[in-house]
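**Student:** The following block contains the structure, expressed as structure tokens.
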Amino acid sequence: MSELLSVSALGVVFSLFLGLLRILRGPGAADRMLATQLIGTAGVGTLLLLSLLPGQQALMDVALILALLAAVAAAAFTGRQRRSRND
Amino acid sequence: MIDVLSALLVLAGVGFYLTGSIGLLRLPDLYSRLHALTKADNLGLGLLVAGLALHSQELLTVLKLLLIWLAVLAASAASAHLIARHARRQETTS
Amino acid sequence: MLTAQWLYGMSGCLIAALGLRTALLHACLLHRLIGINLTGAGVFMVLIAVAYRGAGMPPDPVPHALVLTGIVVAVSATALALALARRLTAEQIND
Amino acid sequence: MSDTSLLVLDGLLVISLVTLAWTALAGSDARRSVILFMAFGLVLAAAWVRLLAPDVALAEAAIGAGLAGALLLAAVREQSRQPLPARIVSKRSHNKPGVNIALQWAVSVLCAVLAGTLAWALAHALNSAPQNALPRAVSANLEASGVSNPVTAVLLNFRAYDTLLELAVLLTAVLGIFALGPARPGYQSAGPVFDGLARWLVPVLILTAGYLLWVGAHAPGGAFQAGATLAAASVVLRLAGRHQIGLPQGPALRVVMAAGVGMFVLVGLGLLVAGRPFLGYPPPWAGGLILMIESAATLAIAATLVLAFLGGQPRPLAVRVARGRIAATPIPTGKPVSPEGIRSTEPHAAEACHRIQETQKRC
């Protein structure tokens, strides 16, 4: 089982690596944000796979935090501030 | 039997991850790339979570896995929407 | 031979130096800020690499505690710097 | 087989980290750099996991990948919204190219020397036998520390002085932010989709923060991670366009900001009165005292990080009750510090904007 887990984790990290190529290539900021989204999801997948290796249960909590905060960056990227003086 | 099924699900999940990222890399414009990204988020992580949930024995772990999947699903849907809308607005204003 | 330790530690050194160079040379304050943050991240990598004791062994918790607080302090300092930069811009326009 | 694939995994992560750091620092597009820096934070969280530092990975996931990215993106976004004057540029211009190139070379060489020294020290540390005195002392005294997670024991018991001062540093930073002016303007509503997400995400984040605080006693977690998660809940509300984001107002806010340091000092003084050393917990009470300090510290850290995101002193809210629903809107303040407002009132502003724009072209 641990072999399957580590090989799968490698596969997911490779997909993260492909996302990295898109983030470098761009061209627009929106494309880069999409790639960051993929990197986040791949990070969650990697952590889940590694969390089943012995003694690593805590990684599931890390994956949970990553998953819960996945939308914050996109919202900060697209959010528009109020223009009026009194907010 | 369950082990085999779980392994198959995990491997299928990894397959969808790779498909999604290749799509993100190869597809020509932002909107079609958005479509590729959802393969990794929904199906890749979904199958992975299903496989790992089959493998795990504790109910708490299964629930946590489910919560993680739902969180990623909702977050990816929301952020795909936000990014697409943002890109659309940029197009119309400029 | 713990290869992971070497990999992460040495790349930490590289990242710290790259960050410091940008923090000192770049014209844009935001880039400088990212440079300082990356310098911190590189140093954190070195510290955690030193704490690592191999796959089956429990690592040294003291550097972990240092880095943990360091991350929180770094983000607060970044926020303070951003607030300063905002004020600086406003003052420049006022001149 | 398993070891080899993990080794390749480590290699891929390290290559990603160095590439992301390099490209985030190169170039002049601030938004690109911030996005790359955010991706760096995400990959770094995975790296911490590989180095068996789950406590650090939790903090990195909440702060490095979440809050810091949001903070920087919001700053960049504010700049791009105000195209003329507001780019953050250093005033020092590069007007003497010869000196400048010499300076660049000197700094580069200096940084290379620094990297070399650091690498030499690291190699020395890794090649000699690991210094196990501290970890041994930690595990020998873990029983009496009141918690079983060694990182929490170091933070709140063995090196409690450090953490107390750390919280004081956070307080100083947030007081500095307070002193610099009002908060950035709030956000427009992000639309029904994000609003729907925020509706269930915020309670889950608050619940997760409580869980991390509690679990920190015996597993990775604790005040710092819990505080960051709690802060994320407020940031989500802010991004969804709400005015009320759970931050207390007026004097209550100041109490919460100082709660971490205050509780630490109170517990320390209480122990002094009881005849123990400052922050030397009696072992039977240690667990309870640590939880008490950590709860206060969680609130203080969360308030600090939310104020860090706001970027200044929050404007007071006017609460009104209409049709049974409570609505709050910020009370207009006297003179805005925002460059936009200044541009419209100051006659010389246009010239100043132009000058700054000239400097900014080098950015």
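Residue numbers (the numbering used here), protein chains in the order written: chain L, 16 to 102; chain C, 3 to 96; chain Z, 54 to 148; chain R, 55 to 417. Note that the Cβ used here is the ideal one computed from N, Cα and C, for glycine as well.
(1) Under 7 Å, Cβ to Cβ, is there at least one residue of chain L near TYR215 of chain R?
(2) Please return the same chain residues whose Cβ sits closer than 6 Å to the Cβ of LEU333 of chain R, not counting the five positions on each side in sequence.
(3) Cα separation between ALA80 of chain R and PHE94 of chain R?
(4) Does VAL167 of chain R pass the burial test, meaning 16 or more other C-beta atoms within 10 Å, or should it be called exposed?
(5) Should ALA173 of chain R and MET63 of chain Z be called a contact, given that it needs their Cβ atoms to be closer than 7 Å?
(6) Check the Cβ-Cβ distances between ARG37 of chain L and every residue of chain R, and say whether any is below 7 Å.
(7) Pairing CB atoms from the region 72-81 of chain L with CB atoms from the region 104-113 of chain R, are three or more of them under 8 Å?
(8) Cβ of ALA89 of chain C within 7 Å of Cβ of ALA86 of chain L?
(9) Is the distance from the Cβ of SER56 of chain R to the Cβ of SER30 of chain L below 7 Å?
(10) Assign CYS66 of chain Z to one of three DSSP states: helix, strand, or coil.
(11) Write down the C-beta distance between ILE355 of chain R and LEU224 of chain R rounded to the nearest angstrom, noting that I regard them as a contact closer than 8 Å.
(12) Should the region 283-302 of chain R be called in touch with the region 226-239 of chain R, which here means at least 3 C-beta pairs below 8 Å?
(13) For a cutoff of 7 Å on Cβ pairs, would you count GLY70 of chain L as touching chain C?
(14) Taking all protein chains shown into account, decide if ASN181 of chain R is buried (16 or more other Cβ within 10 angstroms of its Cβ) or exposed.
(15) Contact check, SER129 of chain Z vs ALA116 of chain R under 8 Å by CB: the rounded distance?
(16) Helix, strand or coil for GLN411 of chain R per DSSP?
(17) Strictly under 7 Å for the Cβ-Cβ distance: is THR61 of chain L near chain R by that measure?
(18) Of all the options L:ARG97, L:GLU18, L:GLY26, L:LEU35, which has the alpha carbon lying nearest to the alpha carbon of VAL97 of chain R?
(19) Look up TYR335 of chain R in the DSSP assignment and say whether it is helix, strand or coil.
(20) Name the chain R residues whose beta carbon is nearer than 7 Å to that of THR65 of chain L?
(21) Taking all protein chains shown into account, decide if THR171 of chain R is buried (16 or more other Cβ within 10 angstroms of its Cβ) or exposed.
(22) Roughly how many whole angstroms lie between the Cα atoms of LEU68 of chain C and ASP216 of chain R?
(23) Return the CA-CA distance between SER243 of chain R and LEU251 of chain R, expressed in angstroms with no decimal places.
(24) Using the three-state DSSP reduction, which class does GLN52 of chain L fall into: helix, strand or coil?
(25) Ends of the alpha helix (DSSP H) at ILE24 of chain C?
(26) With respect to the alpha helix (DSSP H) encompassing LEU82 of chain Z, which residues constitute its N-terminal and C-terminal limits?
(27) Compute the minimum distance between the beta carbon of ALA169 of chain R and the heavy atoms of the ligand ADP, and state whether it is under 6 Å.
**Tutor:** To lay it out plainly:
(1) no
(2) ALA214, GLY322
(3) 14 Å
(4) exposed
(5) It is a contact, given that the beta carbons lie within the stated cut-off.
(6) no
(7) yes
(8) no
(9) no
(10) helix
(11) 7 Å
(12) no
(13) No, GLY70 of chain L lies away from the interface with chain C (no Cβ there is under 7 Å from its Cβ).
(14) exposed
(15) Not quite, the Cβ-Cβ distance comes to about 14 Å (not below 8 Å), so this is no contact.
(16) With a pLDDT of only 46 at GLN411 of chain R, under 50, the local geometry of the prediction cannot be trusted, and the value read off the model is given with reservation. In the structure shown, GLN411 of chain R sits in a helix (DSSP, three-state: H, G or I).
(17) yes
(18) L:LEU35
(19) coil
(20) Here residue 65 of chain L turns out to be Leu, not Thr, going by the sequence shown. By Cβ distance, chain R contributes VAL103.
(21) exposed
(22) 39 Å
(23) 13 Å
(24) helix
(25) Going by DSSP, ILE24 of chain C is part of the alpha helix (DSSP H) stretching over 4-28.
(26) 82-104
(27) As for the ligand ADP, it is missing from this structure, which has no ligand bound.
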